[in-house]
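Asker: Residue 97 in numbering that gives the first Met the number 0 sits at position 98 of the sequence shown, and the numbers go up by one each step. A virtual CB, placed ideally from N, CA and C, is assigned to each residue, including glycine. All figures in this text were calculated on a predicted structure; none of them were measured in a lab. One structure coming up, written as structure tokens, with questions to follow.
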Amino acid sequence: MNYIEAMMDFIRRSPTAFHAVANLRSMLEEGGFCPLNECAPWQLVPGGSYYVTRNQSSIIAFRVPKGPVDHFQLVASHSDFPCFKLKPSARREANGYAMLNVEKYGGMIMQTWFDRPLSIAGRAVVRTGEGLEARLVTLDRDLALIPNLPIHFNRAVNDGVKLNPQVDMLPVYGLAGTDYMDLVAASLDVDRADILGCDLYLVNRDAPRIWGAAGEYVASPRLDDLECAYASVRALLEAKPSNHVDVACVFDNEEVGSATRQGADSSFLSEVMRRIVQALGGEQPLEAAMARSMMLSADNAHGVHPTHPEKYDDNNRVALNGGVVVKFNAAQKYTSDGVSQAIFEWICKNAGVPVQRFANRSDIAGGSTLGNIANTHASMITVDIGLAQLSMHAANESAGAHDLAYMVRAMRAFHETEVCVMGDGRIRIGER
Ligand code: ZN
């Protein structure tokens, strides 16, 4: 399968976390995974494949073994990315223009959002005959744009300019008098008065594309972290059934700290694990199953910049197309330690997947991700991994076109390898 083309199509069709989760659901259902509802009891069958969502923006998919549940082998990633969110009353007009009042969601390079076609997507809560229903909103057209000030009025623009999101980042979407909510209602074919609530975002309209003399690179909005989210579900679909529970979790809200109902800092994962062990765990308590489990926390990494190598550690820098990255941090913002590194790199070596190691310079504070946060609720051996990319949190990010296949192969090999955590630093690793 051509993973990169399939991932580019997935990202193009996933302008928000809601859409990403809807598209992952479709992939899983095509692969025979059955939906579960958090609000109802679960009937799990040994050997079955299931998924469950929360808030329409996080998803946990899993395949249970034919025998009793011994432990879990999980891959976690995130469905969200930095962008702009429309405020509840977003309609603004000035100087003949209709504009949107937006605020930042996450930390993006704001400069990269100027002068490119944008649109609106998200969800709207619609009044129905029975109550309310949240529906996806996709205005699939070039709708809005944030104009730069001309250089003639801003001669210092190339010397670094301070941007105020309240003033400088408001997109224009038409002539004064236009109301974006009319467009939203028309797209859903509902009466405007029947839309009682919204979660709407500005969307970068750029399509993902391959670039480079030999097609070495892929440029795309939302690569961090939809690339790993796609890889994790693709790998789960491809992995042969195992003797443990194989899981792919894609959490929302990583870019704003994960502390939401559906984020990695919620009860979502630990409750799913508890329900699985209750249904199929036999005599084993959840605590033992959790202690015997392992997680890959998958979020993209910083590939070395072509002209700013001084920002990277001399020994622990990584390259695009160099393979899967294992991320380290002494303060354990990245969860990797000697044990999880050894297990993961062993599996990659057996699978023929190249591995590179990343650590920040000691005088630069790096980013954080979701593995350490998920561990405060579901604690287990965890390794932080990712794929090297450039321009993290720009409107378009770039990665190596060959790396995605390495990641899918590594995740699939992780699921197909039996990792038995014995306690006291002893691990048994076997093929299925
Ligand atoms: Zn990320």
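1. Which residue comes first and which comes last in the beta strand (DSSP E) that contains residue 199?
2. So, at 7 Å on beta carbons, what are the nonlocal neighbours of residue 121 in its own chain, with the 5 sequence-adjacent residues on each side left out?
3. Give the C-beta separation of residue 373 and residue 294 to the nearest angstrom, bearing in mind that I take them to be a contact with Cβ-Cβ under 8 Å.
4. Just tell me which of 256, 69, 252, 57 has its CA closest to the CA of residue 232.
5. Which ranges does the alpha helix (DSSP H) cover as unbroken runs of at least 4 residues, wholly within the region 245-296, from first to last along the chain?
6. Name the DSSP bridge partner or partners of residue 104?
7. Quick check: does the Cβ of residue 298 come within less than 6 Å of any heavy atom belonging to the ligand ZN?
8. Sorry if obvious, but does the Cβ on residue 402 come closer than 6 Å to a heavy atom of the ligand ZN?
9. In angstroms, rounded to a whole number, what distance separates the CA positions of residue 94 and residue 161?
10. Does the region 313-325 come into contact with the region 348-362, if we say contact requires no fewer than three beta-carbon pairs (one atom in each stretch) closer than 8 Å?
11. Within 6 Å: the Cβ of residue 383 and any heavy atom of the ligand ZN?
12. Alpha carbon to alpha carbon, how far is residue 8 from residue 100? Give it in angstroms, no decimals.
13. Cβ of residue 224 within 6 Å of any heavy atom in the ligand MG?
14. Beta carbon of residue 244, beta carbon of residue 71: below 7 Å?
15. Might you give, ordered along the chain, the residues of its own chain that have their beta carbon closer than 6 Å to the beta carbon of residue 370, omitting 5 neighbours on each side?
16. Determine the contact status of residue 276 and residue 263, defining contact as a CB-CB distance below 7 Å.
17. Should residue 139 go down as buried or exposed, given a rule of 16 or more other Cβ atoms within 10 Å for buried?
18. Express the C-alpha separation of residue 278 and residue 76 in angstroms, rounding to a whole number.
19. Short check: CB of residue 222 to CB of residue 110, under 7 Å?
20. Give a yes or no on contact between the region 250-259 and the region 77-87, applying the rule of three or more CB pairs nearer than 8 Å.
21. Among all the DSSP beta bridges, which residues are the ones paired with residue 346?
22. Are the CB atoms of residue 35 and residue 60 within a distance shorter than 7 Å?
23. For a test of the three-state rule: what should DSSP assign to residue 421, helix, strand or coil?
24. Measuring CA to CA, which of 25, 367, 302, 130 is closest to residue 317?
25. Does the count of Cβ pairs from the region 39-53 and the region 210-226 closer than 8 Å reach three?
26. What residue range does the beta strand (DSSP E) around residue 38 cover?
27. Considering only C-alpha positions, which residue in the set 429, 114, 52, 143 is nearest to residue 96?
28. Provide the residue(s) that pair with residue 399 in DSSP beta bridges, ordered along the chain.
29. Hey, could you find the ends of the alpha helix (DSSP H) residue 209 is sitting in?
30. Could you give the DSSP three-state label for residue 48: helix, strand or coil?
31. What are the boundary residues of the beta strand (DSSP E) that residue 174 is part of?
32. Would you report the Cα separation of residue 319 and residue 386, rounded to the nearest angstrom?
33. Does DSSP put residue 96 in a helix, a strand or coil?
34. Once you ignore the five residues that flank residue 405 on each side, which residues in its own chain have a CB closer than 6 Å to its CB?
Answerer: To lay it out plainly:
1. 194-203
2. 15, 17, 136, 197, 198, 199, 200
3. 7 Å
4. 57
5. 267-279, 285-290
6. 82
7. yes
8. no
9. 23 Å
10. yes
11. no
12. 30 Å
13. The model on display carries the ligand ZN but not the ligand MG.
14. yes
15. 296, 334, 381, 383
16. no
17. exposed
18. 26 Å
19. no
20. yes
21. DSSP output for residue 346 lists no bridge partner at all.
22. no
23. strand
24. 302
25. no
26. That residue, residue 38, is in no beta strand (DSSP E); it is neither H nor E in DSSP.
27. 143
28. 216
29. Not the alpha helix (DSSP H): residue 209 falls in the beta strand (DSSP E), residues 208-210.
30. strand
31. 171-174
32. 8 Å
33. strand
34. 322, 323, 352
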